[in-house]
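S.K.: The sequence shown maps to residues 167 to 1280 in this note's numbering. The C-beta atom is built at its ideal place from N, Cα and C for all residues, glycine as well. Sharing a structure below in structure tokens format, with a few things to ask.
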Amino acid sequence: MRTRALDPLHSFIVQAPAGSGKTGLLVQRYLALLPAVDVPEEIVAITFTRKAAGEMRERILAALAQAHRGEAADAHGQRTRTLACRALEHDARRGWDVRANPGRLRVLTIDALCASLVRQMPWLSHFGGEPRVADDGRALYRQAARETLGQLEDDSPWGDAVATVLWHLDNDRTRCERMLVDLLARRDQWLRHVAGHFTAGEAQRAHLEAGLGRAVRDALRALRASVPSADAASIVSVAAFAAENLAAEGSPSPIRACRGLDRLPGTDPQDLSAWVGLSELLLTRRGSWRGRHTAEHGLPARRDGEGARMRREARRLCVALAAHDELRMHLADVRDLPATRYSDAQWQVLQALARVLHLAAAMLRVVFTERGHVDHVEVAQAARQALGEEDAPTELALALDHRIRHILVDEFQDTSYSQFELLRRLVAGWCADDGRSLFLVGDPMQSIYRFREADVGLYLRAWERGFGALTLQPLRLQANFRAQGHLVSWVNRVFTDAFPRRAEADTGAVPWQSAVALRASASTPAATVHPLRDADPDLEARLVVRLVQAAMARRVQRRIAVLVRSRVHLGAILPALRAAGIDYRGVELEGLAARPVVQDLLALTRALLHPADRVAWLALLRAPWCGLSLQELHTLTAQDASRAVFELLRDPERVPGLGPGGAARAQRVSGAMQSALARRGSRPLVQAVADVWTALGGPACVETPDLEDATAYFDLLGQLEPEEAVDPQRVSERLETLFAKARTPAAPVEVMTIHKAKGLEFDTVILPGLGRATRVDERRLLTWAERPAGAGPPDLLLAPMAPAGEEPDAISRYLWKLEAKKSEHETTRLLYVAATRAREHLHLIGHATPSSDGTPAPEAGSLLQCIWPAVRAEFERVEGERPPTEKGPRERRTPLALCRLPAGWKPPRPPRLRARFPAIAPAGGETPAAGVAYDWAGRTARCVGTVVHEVLRHIGRDGAAAWDRGRVQRGRRRWRGLLIGLGVPPNELEKASTRVGQALVNVLEDPRGRWILEARHTDAHNEYALTGALGGRVVSAVIDRTFVAEDGVRWIVDYKTGTHEGADIETFLDREQERHRAQLEGYAALMAHRERRPIRLGLYFPLLTGWREWSAPL
């Protein structure tokens, strides 16, 4: 199977379950393709994250390096080594030297691919120049939504449409804005349907209604086909008898629709009511087979005659049909099938909503133009436009048709529609036997990213139908290299019944595929279920602690993970781990906004931006650098609710009332803030906030790890300021997307969400909170779904939100049911992903509460519900055996102490190794030495250094391969804006901007510069903050660039943006090395506290392309 996948002459779609060696297969396929191309750029490997792209590139290069060194490989790696040797031979014949030029290996994310297409065709992509891509577009969406709602007063069709939508939402403008923001973020899904379609009027209405009709027909065909032929006649006769009885009594029961039935109903929409009647007759409201029938169902209690016989037959039918679960599900689903016609009121709202959404999308394009920013959706749309249509390709598409011969796609199960469409256009015109290939790898059983618009149905359709004109050979891997044998057997047994029986693209149903264990079984239990009777977070947390301690005692198992569905499920677990003295590494668990130092910095920022912000100023005075008591705050502000706090601080009669200590603290804050406010607008906000924070003693109020959080906050301000005018709401929104760094990065226990754990493996995995469900998302303004419609384009099903206070219509209920099914299937897949992270031991913890009949039952929507049939017995055994309550140490409530600096605190002398937060000390701010001809003295030179450092940080984040001279030139306007913001005088602006551009071009055209910034390095960081003790003092530093090279050596590189006008540049560089030696060796000493590996130091001079390096004396 794996050998077939390496054939470069054929295209494949591969299902690679957990632990099957998917990345290894991709690497082997890539290596096998290299000898089949003229240049390595003809192969494009696409992933969905930078981490995955970096890992694949690193493994390809590692295979080539091992083959080059002639290292022996084990049996598993022998094939990879053979392929790598062949690739190196071809590399030598062609003169590629990819080991020295790894940028020629095109392993990139889907976003990077879109960006590269847009850069090649800016006119066709509707971008005049290259805009900046915003990772978080909410501020842009909000502005567009407000501009859209602002059309309400216009006497135009747009204004009427906005009025209709607002009326539909009970004139709740805030809610409407929020819903528009949500839809604009997903516009790639609906814009293609909305744009221009609703101007077609009745023709479009007929088209949409035809799609509804096809949905009903398909469902009724599946239902009719699932009826056992041996029981069909009995079903019909019982239903017809019951319907006659109900009609005679005038009952409104749906069963009446079966009156006169002499055969099973048909599959046309007009037959739907009869099928609903059969569902009512045979199933309960909860969708289970009826245990008894009454007169309510048309079968009254009679002791003899036809009525008694029919009651017995109905009972026999329900017993016999119990073995046909597929029929039961279809009968239950038929109740939720949609109407096949829109009412006039529905259609009017749909038209108005379509106009509003079309207007909002147009407004967003205007906002993009005004701001010079776009989001990833816009870049992806532009990329698709750059390729044209399948029957009308652009020049770029035709050029790529010759330049790209092989495409590999990782994690294909997580593809969204827009990404799928981009790939389809890339391979338009490809056919079998033309020497080109498509290789799609993924596992639909691990598709868990619907919240990112991933649609597993696209994978299922490609598996069944191929990809465009390409025939894909399906391959299914079964070997599991990861888990021990007992664990693989347990997963196979439990999930066989949890997954659907067959694939359904429109509901995201993925059938189960068993794995084959290649590792031997261990002697200890592989999977253990820990049933809890009640939802007791404290009891669950104590159980987690015991399991972690037991796993840590097994010293052969080094990696332990606690995985949860949602971060809120860790509320009791993390404190319990800390109380037990267990160090853990939390992966994106605590939001940066929750850290006290960041909250204080945000209050400081708000106070500088809006001096009348009373809450911000009160927080400022309460923060530890001032620490006024609540009584002192009341004394200061209680009598003057209308006056700004900063005015009260200057009131000579008010401040003395705070007492000597309080007055001194308040005056120190007042003085620092007045100085900062007086200079407002003359320097970047990030610089102002950092300077005030330092002057107030902010760094002295926090522990060493908190300085990294402060650095992250300053970094955020520095990113926001060049993009737009900074406002507190925007800062708060961006903070919501950031997470504080783990406090113990090398801890033996890792805690994270299941989504974050995907792709990882651990010796022991603990899964708490399986009995808890998650919240339900808010209904959208517009609900939609796409259904496959044969060989043609998919049908679009649309429904507007129900008016405020009214029940949803049948179409909306049907679409919600589809969404609920997709969520249910994904929940099962999520638990499968969690369970398959384990190599040796798996622990499942959950609670089930007694139902009305006393038997335990899981909460609807919980992970436990997915596997309930397989674990029910475990919970029934403990029912009635409530475990003894464990008495943990009673929490002692003590008054919170007010932490603050002494009233007479003064800033200390700066340490020898000065903290170089980007926001506190401008990078590149060198001091000239006497006697040497420097052209870098003065403020402008320092500003040039600051901007160059900032851009090099972005290049290091993206990787040098993503940048070239053209991109630098297109960014010239941005460099000028940054320089202006830093205060460069107008008469020096042109020279400074030119120098920035020259420095960047030098770096990108210098092999050494590109090597420093390459994305292939591991553990790479830009502007990396370090804090530690040197010489008995706490010192902090920010390293411009650090990474681990292929040979395992840690590099620490510092950029120096000065230049030299003299002749002897080598002497100048030698002097600079000596001048900065202590600085870099201090950095190395700090780094050595965190890891043990060789460290080399480097000084890089972008304006000179100069370089000096030496080993750190550790």
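Express the C-alpha separation of Ala-745 and Gly-1054 in angstroms, rounding to a whole number.
M.R.: Caution applies to Gly-1054, whose pLDDT of 48 falls short of 50 and renders its modelled position unreliable; the model cannot decide the point.
S.K.: Using three-state DSSP, classify Glu-1025 as helix, strand or coil.
M.R.: It is coil, neither helix nor strand.
S.K.: Let me confirm a value: Gln-805 is counted as buried when at least 16 other C-beta atoms fall within 10 Å, else exposed. Which label applies?
M.R.: Exposed, by the Cβ-count rule.
S.K.: Do the region 604-617 and the region 674-691 touch if we need at least three Cβ pairs shorter than 8 Å?
M.R.: The region 604-617 vs the region 674-691: in contact.
S.K.: Per DSSP, Trp-1273 forms a beta bridge with which residues?
M.R.: Its beta-bridge partners are Tyr-1266.
S.K.: Which of the three DSSP states, helix, strand or coil, is assigned to Val-337?
M.R.: Per the sequence shown, residue 337 should be read as Asn rather than Val. Of the three classes helix, strand and coil, the one that applies to Asn-337 here is coil, per DSSP.
S.K.: Are the beta-carbon atoms of Cys-424 and Gly-453 separated by less than 9 Å?
M.R.: Not in contact: Cys-424 and Gly-453 (Cβ atoms no closer than 9 Å).
S.K.: Does Asp-961 come out as helix, strand or coil in the three-state DSSP assignment?
M.R.: It is a strand residue.
S.K.: Between the Cα of Leu-315 and those of Leu-283, Thr-860 and Ala-528, spot the shortest distance and give me the residue it belongs to.
M.R.: Looking at the Cα atoms, Ala-528 is the closest of the given residues.
S.K.: I'd like to know if the region 646-666 and the region 697-710 are in contact, where contact means that at least 3 CB-CB pairs between them fall below 8 Å.
M.R.: In short, these stretches do not touch, since the Cβ pair count stays below three.
S.K.: Tell me, which residues are paired with Trp-455 by DSSP?
M.R.: Leu-449, per the DSSP bridge assignment.
S.K.: Beta-carbon within less than 8 Å of Val-140's beta-carbon, same chain only, minus the 5 sequence neighbours each way: which residues are those?
M.R.: Outside the displayed span of the chain (167 to 1280) sits residue 140, for which this structure offers no information.
S.K.: Does chain D have any CB closer than 9 Å to the CB of Pro-466?
M.R.: The structure shown contains no chain D; it holds only a single protein chain.
S.K.: Which residues does DSSP list as the beta-bridge partners of Met-918?
M.R.: DSSP output for Met-918 lists Leu-729 as bridge partner(s).
S.K.: List the whole-angstrom C-beta distance separating His-696 from Leu-1010, where the pair is believed to meet the contact cut-off of C-beta under 8 Å.
M.R.: Contact holds; Cβ gap of about 7 Å.
S.K.: Identify the residues that DSSP records as bridge partners of Gly-752: which are they?
M.R.: Paired residues: Val-917.
S.K.: Between the alpha carbons of Val-273 and Ala-211, how many angstroms are there, rounded?
M.R.: Using only the alpha carbons, I get a separation of about 5 Å.
S.K.: Have a look at Pro-954, Glu-927 and Arg-223 and flag the residue whose alpha-carbon is nearest the alpha-carbon of Ala-184.
M.R.: Checking every option, the nearest Cα to that of Ala-184 belongs to Glu-927.
S.K.: Measuring alpha carbon to alpha carbon, tell me which residue in Asp-301, Val-360, Ala-498 and Leu-503 is nearest Ala-976.
M.R.: Comparing Cα-Cα distances from Ala-976 to each of Asp-301, Val-360, Ala-498 and Leu-503, the minimum goes to Leu-503.
S.K.: Name the residue from Gly-823, His-991, Trp-1276 and Arg-712 whose alpha carbon lies nearest to the alpha carbon of Thr-803.
M.R.: Closest option to Thr-803, Cα to Cα, is Gly-823.
S.K.: Are there three or more Cβ pairs, one per stretch, closer than 8 Å when the region 830-844 is compared with the region 777-794?
M.R.: With the cut-off at 8 Å, the region 830-844 and the region 777-794 touch.
S.K.: Taking DSSP's pairing of strands, which residues face Ala-675 in a bridge?
M.R.: Paired residues: Glu-670.
S.K.: Where in the region 297-385 do unbroken runs of the beta strand (DSSP E), each at least 3 residues long, occur, reported from the N-terminal end onward?
M.R.: Qualifying beta strand (DSSP E) stretches, in chain order: 298-300.
S.K.: Between the C-alpha atoms of Arg-1176 and Ala-219, what's the straight-line distance to the nearest angstrom?
M.R.: Taking the straight line from one Cα to the other gives about 18 Å.
S.K.: Alpha carbon to alpha carbon, how far is Arg-1038 from Val-1044? Give it in angstroms, no decimals.
M.R.: Each residue's alpha carbon lies about 10 Å from the other.
S.K.: Residue range of the beta strand (DSSP E) that Ser-603 falls in?
M.R.: Taken as a continuous stretch (DSSP letters only), the beta strand (DSSP E) holding Ser-603 covers 603-608.
S.K.: Pro-697 lies in the beta strand (DSSP E); which residues open and close that run?
M.R.: Per DSSP, Pro-697 belongs to the beta strand (DSSP E) from 693-698.
S.K.: With DSSP as the reference, identify every bridge partner of Val-1204, one or two as the case may be.
M.R.: Note: Val-1204 sits in a beta bridge opposite Ala-1191.
S.K.: From His-991 to Val-1204, what does the alpha carbon distance come to, in whole angstroms?
M.R.: Whole-angstrom Cα-Cα distance: 46 Å.
S.K.: Can you round the beta-carbon distance between Ala-110 and Val-764 to whole angstroms, since I take them to be within the 8 Å contact cut?
M.R.: The structure shown does not extend to residue 110, since the chain is modelled only from 167 through 1280, so no value can be given for it.
S.K.: Which same chain residues, not among the five before or five after Thr-1060, have their C-beta less than 8 Å away from its C-beta?
M.R.: Only weak support is given to the placement of Thr-1060: the predicted model assigns it a pLDDT of 47, under 50, and the value that follows is read from those uncertain coordinates. Excluding positions up to five away in sequence, the list is empty.
S.K.: When the distance is taken between beta carbons, is Trp-1276 closer than 9 Å to Arg-1262?
M.R.: Yes, the Cβ-Cβ distance between Arg-1262 and Trp-1276 is below 9 Å.
S.K.: Just to check my reading of the structure: Leu-249 and Ala-311 have Cβ atoms closer than 8 Å, yes? What is that Cβ distance to the nearest angstrom?
M.R.: Actually they do not touch by this definition, with Cβ atoms about 52 Å apart.
S.K.: Of the choices Thr-993, Trp-982 and Thr-860, whose alpha-carbon is the least far from that of Arg-946?
M.R.: Of the listed residues, the one whose Cα sits closest to Arg-946 is Trp-982.
S.K.: Taking the alpha helix (DSSP H) that Glu-536 belongs to, which residues open and close that run?
M.R.: Taken as a continuous stretch (DSSP letters only), the alpha helix (DSSP H) holding Glu-536 covers 510-537.
S.K.: Cutting at 8 Å between CB atoms, please list the residues of its own chain near Arg-659, excluding the five before and the five after it.
M.R.: Only Ala-1036 meet the Cβ criterion.
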